[in-house]
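Below is one structure, written out as structure tokens; the observations come after it.
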Amino acid sequence: MSFISRGFQRRQAPAVPSDRVPPGQHVTRDFPVLSAGPTPRIGLDEWRLEVIGEVDQPRSWSWQEFTALPAEEVTVDVHCVTKWSKLDSPWTGVPLDALLDGLETSAGFVVAHSYGGYTTNLPLDDLTGGKAWVAYRYDGEPLEPEHGGPARLLVPHLYFWKSAKWLRALELRADDAPGFWEGYGYHNYGDPWREQRYSGD
Amino acid sequence: MARTAILRRLTWAIAEVVDRVDETPRVRSLGLDVPDWPGHLPGQHIDVRLTAEDGYRAQRSYSIATPADGSRVTITVERLDDGEVSPYLTDVLEIADRIELRGPIGGYFVWEPSRGGPLQLVAGGSGIAPLMAMLRARLQARSDVPVRMLLSWRSGEDVIYADELNAIARDATGVEITHTFTRLAPDGWTGRTGRLDRDALAELAWAPSERPLVYVCGPTGLVEAVASALVELGHDPARVLTERFGPTGG
Chain A
1 MSFISRGFQR
11 RQAPAVPSDR
21 VPPGQHVTRD
31 FPVLSAGPTP
41 RIGLDEWRLE
51 VIGEVDQPRS
61 WSWQEFTALP
71 AEEVTVDVHC
81 VTKWSKLDSP
91 WTGVPLDALL
101 DGLETSAGFV
111 VAHSYGGYTT
121 NLPLDDLTGG
131 KAWVAYRYDG
141 EPLEPEHGGP
151 ARLLVPHLYF
161 WKSAKWLRAL
171 ELRADDAPGF
181 WEGYGYHNYG
191 DPWREQRYSG
201 D
Chain B
1001 MARTAILRRL
1011 TWAIAEVVDR
1021 VDETPRVRSL
1031 GLDVPDWPGH
1041 LPGQHIDVRL
1051 TAEDGYRAQR
1061 SYSIATPADG
1071 SRVTITVERL
1081 DDGEVSPYLT
1091 DVLEIADRIE
1101 LRGPIGGYFV
1111 WEPSRGGPLQ
1121 LVAGGSGIAP
1131 LMAMLRARLQ
1141 ARSDVPVRML
1151 LSWRSGEDVI
1161 YADELNAIAR
1171 DATGVEITHT
1181 FTRLAPDGWT
1191 GRTGRLDRDA
1201 LAELAWAPSE
1211 RPLVYVCGPT
1221 GLVEAVASAL
1231 VELGHDPARV
1241 LTERFGPTGG
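Chain order of the listed sequences is A and B. Those letters in the first sequence? Residues 1 to 201, by my numbering. Those letters in the second sequence? Residues 1001 to 1250, by my numbering.
Here's what the structure looks like:
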């Protein structure tokens, strides 16, 4: 027996096929901002991206080195755990496959670290195989600080809190360790199609 | 932090509407009786799920506006005219109707008296809801943590919890409440107008040297501007906590 909300009905016919919108989500044309604190401002001359942890050789890029890497333009749907989905969002970024190419590691997990102290955890397999990027342009323009600039993780197949803004380092780990929201009861994996919003979903 | 309490599985409960309060022409508070509610911390929110007869479902998040109070949870909802969920909650839902929800959710944007202060609360419009839970908790606990609350409203008719805020400002010791109006101040208003910009924050908020705990909630534009200005003024970014909602709250 399922619950019906008396007098509730869909307000408008959906403008997009429902197979593009995960359960419990609705489509927005805005680009909402969600952050737990003030937006960090990182100068490009001090910016670095690092791969650290369980690796044979840590890696590190300056802004100049990073943006000289071959980038891809991708158009993806993103899904925020706060219920909005944004379809066909155009990003430019360096695929994680390129950043991790040839790396020797026994790690199975990654903690993404942000400028400002934010963290989030993911299985390493979810960052490779053409599924993830470090994005630094949105719609052809430099990524705004409030949306994660200079550069953010982009992992569109998971809820958007996994796409860490203001990315500073990827820490490869043998064991899984909950990140910021994961430690506050949000789901450890966060698959929007299985509606894994909170721990136990 | 009470992380163990937060990491329980969140199951859907069927709550009953037991109270409705018209706060402004666009904002209504709903008192909900939630069986087996585990309690919550001021600043946490719930997810609400609506199901139509054809099976269509919509979910939204709403901050809880009151401290823990047995099985009672109160949310304050602003009607967004092109929204799908908020007009249902403000206009359709009546006393004794039932609604699905789960929570409490979130454990970062929370304050309880044991966290100390001084406490700086900054809200734009209906962003006051989670901060009201904090202020009410402070008063209920008879805590002496000093509080400053800055509230930005578009116009006089938008002020939520107006009578209660006036009573607190008049009677409570150690609580200072400042309103500002960005578009249309009430008739005869001699207080502040205009946005909470850097100068206003320098004048009205606790100084960075006081090491306040700062909670900012409201529309993205206000939260971005206020949080950035506070950091520029010298506040520790780790003590500035933000919660934002866009026009997509629906």
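From the three backbone atoms N, C-alpha and C, an ideal C-beta is built for every residue, glycine too.
(request) Pick helix, strand or coil for A:R41, following the three-state DSSP scheme. (result) coil
(request) Please list the segments of the beta strand (DSSP E) lying wholly inside the segment 62-89 of chain A, counting only runs of 3 or more residues, in order along the chain. (result) 72-79
(message) Whole angstroms are fine: how far does the CA of B:V1073 sit from the CA of A:H79?
(response) 28 Å
(request) Report buried or exposed for A:L69, applying the criterion of at least 16 other Cβ atoms within 10 angstroms of its Cβ. (result) exposed
(message) Using 8 Å for Cβ pairs, my map puts B:A1013 next to B:D1036. What's the rounded Cβ distance?
(response) 7 Å
(request) Measure the alpha-carbon distance for B:E1243 versus A:S35 and round it to whole angstroms. (result) 7 Å
(message) Does B:A1185 come out as helix, strand or coil in the three-state DSSP assignment?
(response) coil
(request) Closer than 7 Å by C-beta to A:R194: which residues in its own chain qualify, once you throw out the five before and the five after it? Chain order, please. (result) none
(message) So A:L34 contacts chain B; which residues on that side make the cut at Cβ distance below 8 Å?
(response) R1244
(request) Could you tell me if A:N121 is buried or exposed, where buried requires 16 or more neighbouring beta carbons within 10 angstroms of its beta carbon? (result) buried
(request) At 7 Å on the CB atoms, spell out the chain B contacts of A:G7, in chain order. (result) V1092
(request) Step through the CB atoms of chain B and report whether any lies within less than 8 Å of the CB of A:R241. (result) Outside the modelled stretch of chain A, which goes from 1 to 201, sits residue 241 of chain A, for which no answer is possible.
(message) Quick check: what's the CA-CA separation for A:N188 versus A:D126?
(response) 13 Å
(request) Name the two residues that bound the continuous alpha helix (DSSP H) containing B:A1031. (result) Inspection of the sequence shows that residue 1031 of chain B is occupied by Gly rather than by Ala. Here B:G1031 belongs to no alpha helix (DSSP H); instead the beta strand (DSSP E) covers V1027 to D1033.
(request) Mind checking the segment 37-53 of chain A against chain B and listing, in chain order, the residues whose C-beta falls within less than 9 Å of any C-beta there? (result) G37, P38, T39, P40 and R41
(request) On the DSSP bridge assignment, give the partners of B:M1149 in chain order. (result) B:L1121 and B:I1177
(request) Label B:G1218 either buried or exposed according to how many other C-beta atoms from any shown protein chain fall within 10 Å of its C-beta, with 16 as the threshold for buried. (result) buried
(request) Could you have a look at B:I1064 and say whether DSSP puts it in helix, strand or coil? (result) strand
(request) Using DSSP bridges, identify the partner residues of A:W91. (result) A:V74 and A:Y138
(message) With DSSP as the reference, identify every bridge partner of B:E1016, one or two as the case may be.
(response) B:D1033 and B:R1098
(request) Determine the burial state of A:S2: buried for a count of at least 16 other Cβ atoms within 10 Å of its Cβ, exposed for fewer. (result) exposed
(request) With A:E171 as the anchor, note down where its beta strand (DSSP E) starts and where it stops. (result) L167 to R173
(request) On the DSSP bridge assignment, give the partners of B:Q1059 in chain order. (result) B:R1049
(request) Identify the contact partners of A:H79 in chain B, using a Cβ-Cβ distance below 9 Å as the criterion. (result) The contacting residues do not exist; A:H79 stays about 12 Å from chain B at best.
(request) Have a look at the DSSP bridge pairing and note the partners of B:E1112. (result) Partner(s): none; B:E1112 has no beta bridge.
(request) Take B:E1023 as the anchor and find which of B:G1070, B:Y1108 and B:A1129 has the nearest alpha-carbon. (result) B:A1129
(request) Tell me whether B:T1220 sits in a helix, a strand or coil according to DSSP, three-state version. (result) helix
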